[in-house]
Ligand code: 15L
């Protein structure tokens, strides 16, 4: 049975996957800069600061596959993004390579392409249009993943995650929602599918208002079970509480686009 490392175990997605992954991958090693507050006696955990290559190597030892959710998960200062996502992202792939890890699933983000307008349906092969320093770091992580796949034969899957949770939170999230169980499916494809070399998938459930062409994921067997429209009333009621945001409401990345925005409209 494969030994799987999950970084970012104390974060929002990591916390939920700590419940969903053990039945599939019983030999699951968790990592984060500090342990989850509710770490169970039956869970394996090793702390690591991703900005430190030696610590990354230590958590990659004896591992068959990695689900990399570690790093900074929203917009931050340049130094925060640089340490956690740029240096940290590079270190994770380099450490995995040095330790002979065969597969990496990298948590990229919709913010790698957030400056595409909502009326523009995009595939996974479009030019990146990051909407933030955070988005730039996700483009960087995808590029590092491609390098390790093409140069070293690592099997790399990048998931441009939309919005992960039990239900879509507002109108924008009706287009990009990702049900936790569907993320598990995508991770399994990345960790197990024999034909993975380097792939980019959108981390989205079955959303009728999707802006994304995710056919590559479907070709690899992805069959999402979440349907955003089932929560339409809730999402629209939440949307009604928000102030209009002319920039954020126009682009796919939402508020990540409007923050610090001072270009001519
Ligand atoms: C992300 O990439 C973030 O990690 C998450 O906190 C949300 O902001 C999400 O994108 C989103 O776009 O809704």
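Numbering (the numbering used here), first residue to last: 755 to 1019.
Quick reminder that beta carbons are idealized off the backbone N, C-alpha and C, glycines included.
Next on the checklist: Taking 8 Å as the threshold (C-beta atoms), are residue 932 and residue 918 in contact?
Outcome noted: yes
Item to check | Inter-residue CB distance, residue 927 and residue 971 (contact presumed, cutoff 8 Å) | outcome: Going by Cβ atoms, the distance from residue 927 to residue 971 rounds to 19 Å, so no, they are not a contact pair.
Checklist entry - Taking the C-alpha atoms as reference points, what is the distance between residue 775 and residue 769? => result 10 Å
Checklist entry - Is it right to say residue 911 is buried, meaning 16 or more other beta carbons lie within 10 angstroms of its own, or is it exposed? => result buried
Checklist entry - What distance in whole Å lies between the Cβ atoms of residue 855 and residue 898, which are believed to be in contact at a cut-off of 8 Å? => result With a Cβ gap of about 14 Å, residue 898 and residue 855 do not count as contacting.
Item to check | Nonlocal neighbours in the same chain, by C-beta distance under 6 Å from residue 779, ignoring five residues either side | outcome: 758
Item to check | Contiguous beta strand (DSSP E) assignments of at least 3 residues, all confined to the stretch 874-943 | outcome: 909-915
Checklist entry - Who are the near neighbours of residue 852 in its chain, counting only those whose CB is closer than 7 Å to its CB and skipping five residues on each side? => result 811
Checklist entry - Going by C-alpha distance, which of 1002, 858 and 845 is nearest residue 947? => result 858
Checklist entry - So which of 923, 973 and 873 has the shortest CA-CA distance to residue 1004? => result 873
Item to check | Residue environment, residue 979, which counts as buried when at least 16 other CB atoms sit within 10 Å | outcome: exposed
Next on the checklist: Using the three-state DSSP reduction, which class does residue 950 fall into: helix, strand or coil?
Outcome noted: coil
Next on the checklist: Which residues does DSSP list as the beta-bridge partners of residue 858?
Outcome noted: 820 and 910
Next on the checklist: For residue 813 and residue 802, which I take to be in contact (beta-carbon distance under 8 Å), what is that distance rounded to the nearest angstrom?
Outcome noted: 5 Å
Checklist entry - Relative to the alpha-carbon of residue 991, which residue among 1019, 1007 and 924 has its alpha-carbon at the smallest distance? => result 924
Item to check | Per DSSP, cross-strand counterpart(s) of residue 1017 | outcome: Partner(s): none; residue 1017 has no beta bridge.
Checklist entry - For residue 760 versus residue 823, is the C-beta distance shorter than 8 Å? => result yes
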